[in-house]
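First the structure, in the form of structure tokens, and then the observations on it.
In my numbering, the protein residues as written are 48 to 291.
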């Protein structure tokens, strides 16, 4: 079932159209990719979905609720969570306390906030460093803290903006396994990522933006076989077999 729908989304800054009539569907239990060149409108689309940027035209629906004009904090309460390209952690707090800041704002039937936070820290594989300051972590582990903190808000849909940035090959593999696990548990994930092999490996459906507009939507195989996408973004030599 589609949990997040974006319809005819348009964002204009003066005479510049950053997002141009974009349609996007994000189903429950799936990882949906949103890719394209720098400046294609991906982060602006994220900002509109999460309420950080107003749409010029179009609609954003969460389930059967129109959230187009809702404030960011209301969208968060309804189940929209995200991470950012730039790490946004409380460096002086421990890993556990970073996650706890979100868990305390999201009452859960799974237990008190601290036990929920501890469970999430374990789930993302950081139980051994739960008491370490966030600013002492590697980039890969810091990304995992951000993910656990986003999950602490108990989202229905999770938007990830360049979550594999700064991760090495091993960390990327572990991270992709974790995202697949979360999707299998029913979470809807919308992923913006420049790591093309990662996107092609884990995303069920991929939408490609170029100059703010949808260039193509399809499976990994369909996207990699699309000449317009290859010319605009992927380039020659992307091997479906190598990343599937």
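Backbone N, C-alpha and C fix where the C-beta goes; we use that ideal spot for every residue, glycine too.
It should be emphasised that the depicted structure is a prediction, and the values quoted were computed from it without experimental measurement.
Excluding the five sequence neighbours on either side, which residues of its own chain have a C-beta within less than 6 Å of the C-beta of residue i, listed in chain order?
i           : result
residue 289 : Caution applies to residue 289, whose pLDDT of 40 falls short of 50 and renders its modelled position unreliable; the value that the coordinates give is listed next. Cβ neighbours of residue 289 beyond the five flanking positions: none.
residue 107 : 53, 96, 114 and 115
residue 128 : 197, 200, 202 and 205
residue 281 : none
residue 260 : 67
For residue i and residue j, which I take to be in contact (beta-carbon distance under 8 Å), what is that distance rounded to the nearest angstrom?
i           : j           : result
residue 255 : residue 236 : Their Cβ separation, rounded to whole angstroms, is 17 Å, which puts residue 255 and residue 236 out of contact at 8 Å.
residue 180 : residue 149 : Their Cβ separation, rounded to whole angstroms, is 18 Å, which puts residue 180 and residue 149 out of contact at 8 Å.
residue 50  : residue 203 : 6 Å
residue 188 : residue 173 : 6 Å
residue 2   : residue 102 : As displayed, the chain neither begins before 48 nor continues past 291, which places residue 2 out of reach and without an answer.
residue 240 : residue 80  : 7 Å
residue 210 : residue 194 : 7 Å
residue 142 : residue 64  : Residue 142 to residue 64, Cβ: 41 Å. No contact.
In the DSSP output, what is residue i paired with across the bridge?
i           : result
residue 112 : 109
residue 180 : 141
residue 60  : 63
residue 80  : 238 and 253
residue 207 : 238
residue 2   : The shown model of the chain, from 48 to 291, leaves out residue 2, and the question about it has no answer.
residue 128 : 205
Beta-carbon within less than 8 Å of residue i's beta-carbon, same chain only, minus the 5 sequence neighbours each way: which residues are those?
i           : result
residue 48  : 74 and 75
residue 266 : 251, 252 and 253
residue 56  : 66, 68, 69, 70, 71, 92, 95, 102, 104, 105, 106 and 107
Please return the same chain residues whose Cβ sits closer than 7 Å to the Cβ of residue i, not counting the five positions on each side in sequence.
i           : result
residue 131 : 208
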